[in-house]
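Worksheet: the structure to be examined is printed underneath.
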Amino acid sequence: MNILICEYATSTGMGGTFLLEGKAMLKSLAESFAAGHHEIKYTTSATEIQVGKPVYCNEGNIKKVLQAEAKKCDCALVIAPDDLLAGLVEEIEEHTSNMGSSPAVIRKCADKFKCGKILENNGIPAPQLVETVEDLKKDTNYVVKPRYGCAAENTTITSNPSISHDMVVTEYVEGKHLSVSLVCADAPLPLTINRQYIEITGRGDKTAINYKGGITPYETPDRELIIDTAKRAAQALGCRGYTGVDIVMGDRPYVIDINPRPTTSLVGICKIIKPQIGELLIDALGDNLPPTVHITGNYEFRKEDLL
Numbered sequence: 001m002n003i004l005i006c007e008y009a010t011s012t013g014m015g016g017t018f019l020l021e022g023k024a025m026l027k028s029l030a031e032s033f034a035a036g037h038h039e040i041k042y043t044t045s046a047t048e049i050q051v052g053k054p055v056y057c058n059e060g061n062i063k064k065v066l067q068a069e070a071k072k073c074d075c076a077l078v079i080a081p082d083d084l085l086a087g088l089v090e091e092i093e094e095h096t097s098n099m100g101s102s103p104a105v106i107r108k109c110a111d112k113f114k115c116g117k118i119l120e121n122n123g124i125p126a127p128q129l130v131e132t133v134e135d136l137k138k139d140t141n142y143v144v145k146p147r148y149g150c151a152a153e154n155t156t157i158t159s160n161p162s163i164s165h166d167m168v169v170t171e172y173v174e175g176k177h178l179s180v181s182l183v184c185a186d187a188p189l190p191l192t193i194n195r196q197y198i199e200i201t202g203r204g205d206k207t208a209i210n211y212k213g214g215i216t217p218y219e220t221p222d223r224e225l226i227i228d229t230a231k232r233a234a235q236a237l238g239c240r241g242y243t244g245v246d247i248v249m250g251d252r253p254y255v256i257d258i259n260p261r262p263t264t265s266l267v268g269i270c271k272i273i274k275p276q277i278g279e280l281l282i283d284a285l286g287d288n289l290p291p292t293v294h295i296t297g298n299y300e301f302r303k304e305d306l307l
């Protein structure tokens with residue numbers, strides 16, 4: 001098959017860890033597809049990964065480039081920040097098969113308030129949403145994050161949050177920070193549970209949450225419960241393709257975020273999984289996923305390892 005991969009940070013020349021993580025995901029996916037003897041193209045502003053054929057673009061013309069290249073391929077996969085992902089996927093869906101979630105699903109996942117309500121309405125444990133000042137409790141910590149944002153970006157913990165339309169406030173849940181990686185077709189196929197390394201910085205009433213890396217797989221006696229919760233969450237939102245479900249394991253698994261796209265944990269998973277992630281994504285297009293995957297060993301990384 002001819003496959004197009006668009007990773008936004010690489011395609012637009014973003015700096016810092018965005019580019020480092022983006023390039024690592026792009027390279028892992030390209031190598032996985034190439035192992036199945038598929039022809040790969042990838043969009044980039046300058047960075048090359050020595051796998052597949054680069055198609056050069058920039059922030060100003062990325063949509064036009066996607067439209068043109070999508071017409072030449074059998075399927076395409078887009079990785080981008082939540083607030084941009086749906087619009088970019090719309091560009092490819094007009095011309096080729098989308099290997100990920102639909103724009104409508106992406107927008108539901110990107111809206112942290114709407115996503116939380118969907119989880120709540122489906123009986124899936126998630127941190128309690130706070131909608132009014134009257135809902136606030138004394139001596140209680142809350143997580144405040146942008147209504148539209150990626151992972152722990154601009155996320156803080158405080159006992160005195162402000163309520164606004166563009167921010168989401170939830171009760172803080174103490175526990176282990178995990179994620180579940182899935183490939184979703186009509187039914188989700190669980191790949192691994194991953195332990196997330198989270199750093200909480202700051203002092204006093206306001207602290208920040210930062211993602212620093214992780215290890216995959218993470219073994220836990222709560223494996224079946226965690227995986228079942230993640231599968232239910234992905235199905236409630238209607239996710240397709242590679243999906244990451246962020247979970248805090250407290251007295252039960254609480255769903256924190258649903259990422260309808262490849263996440264950084266993919267870099268490690270690609271090194272320890274059979275069949276290849278690329279083949280699983282192709283199988284998902286035809287709703288032909290295997291019943292299980294085989295994991296050998298484990299993989300640990302920290303963001304600074306990507307430098």
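Note that the sequence shown covers residues 1 to 307 in the UniProt record's numbering.
All residues carry an ideal CB built from backbone N, CA and C; glycine is no exception.
{"Item": "I need the straight-line Cα distance from I269 to K212, nearest angstrom please.", "Value": "17 Å"}
{"Item": "On the three-state DSSP scale, how would you describe V169?", "Value": "strand"}
{"Item": "Less than 9 Å between the C-beta atoms of A230 and I247, yes or no?", "Value": "yes"}
{"Item": "Hey, how far is the Cα of P161 from the Cα of V245?", "Value": "25 Å"}
{"Item": "Which residue comes first and which comes last in the beta strand (DSSP E) that contains N121?", "Value": "N121 -> not in any beta strand (DSSP E); alpha helix (DSSP H) instead, spanning K112 to N121."}
{"Item": "Inspect the beta-carbon positions of G52 and A30 and report whether they are closer than 9 Å.", "Value": "yes"}
{"Item": "To the nearest angstrom, report how far apart P127 and N288 are at their CA atoms.", "Value": "34 Å"}
{"Item": "Which residue or residues does DSSP assign as beta-bridge partners of M249?", "Value": "K176 and P253"}
{"Item": "Measure the alpha-carbon distance for T158 versus L85 and round it to whole angstroms.", "Value": "30 Å"}
{"Item": "Taking DSSP as the reference, what is the three-state secondary structure of P103?", "Value": "helix"}
{"Item": "Distance, Cα to Cα, C150 vs P81?", "Value": "6 Å"}
{"Item": "Do you know how far the Cα of I272 is from the Cα of N298?", "Value": "7 Å"}
{"Item": "What are the partner residues of L4, as DSSP defines its beta bridges?", "Value": "K41 and A76"}
{"Item": "Identify, in the order they occur along the chain, each residue of the same chain with its Cβ nearer than 6 Å to the Cβ of P190, setting aside the five sequence neighbours on each side.", "Value": "L182 and I227"}
{"Item": "Put A208 into one of helix, strand or coil per three-state DSSP.", "Value": "strand"}
{"Item": "Let me know the secondary structure DSSP gives G278 once reduced to three states.", "Value": "helix"}
{"Item": "With DSSP as the reference, label E69 as helix, strand or coil.", "Value": "helix"}
{"Item": "Of the residues H38, V78 and V105, which one's Cα is nearest the Cα of I92?", "Value": "V78"}
{"Item": "Can you look up G244 in the DSSP assignment and give me helix, strand or coil?", "Value": "strand"}
{"Item": "Is V143 helix, strand or coil by DSSP?", "Value": "strand"}
{"Item": "Hey, out of G22, M1 and C109, whose CA is closest to A70's CA?", "Value": "M1"}
{"Item": "Within a Cβ cutoff of 8 Å, which residues of the same chain sit near G36, ignoring the five residues on either side of it in sequence?", "Value": "Q276, G278, E279 and I282"}
{"Item": "DSSP three-state label for G297, please.", "Value": "coil"}
{"Item": "Pick helix, strand or coil for Q196, following the three-state DSSP scheme.", "Value": "strand"}
{"Item": "Any idea what DSSP makes of V130, helix, strand or coil?", "Value": "strand"}
{"Item": "Quick check on residue 319: buried or exposed, where buried means 16 or more other Cβ atoms within 10 Å of its Cβ?", "Value": "The structure shown does not extend to residue 319, since the chain spans only 1 to 307, so no value can be given for it."}
{"Item": "Confirm, please, whether the CB-CB distance from T192 to P217 is below 9 Å.", "Value": "yes"}
{"Item": "So, with DSSP's three-state summary, where would you put M265?", "Value": "Residue 265 is actually Ser in this sequence, not Met. In this structure, S265 counts as helix in the three-state DSSP scheme."}
{"Item": "Is C138 helix, strand or coil when you go by DSSP?", "Value": "Note on residue identity: the sequence assigns Lys, not Cys, to residue 138. Coil, per DSSP."}
{"Item": "Comparing alpha-carbon positions, which option in G116, A9, K64 and V65 lies nearest L26?", "Value": "A9"}
{"Item": "For the alpha helix (DSSP H) that contains I92, what are its first and last residues?", "Value": "D82 to E93"}
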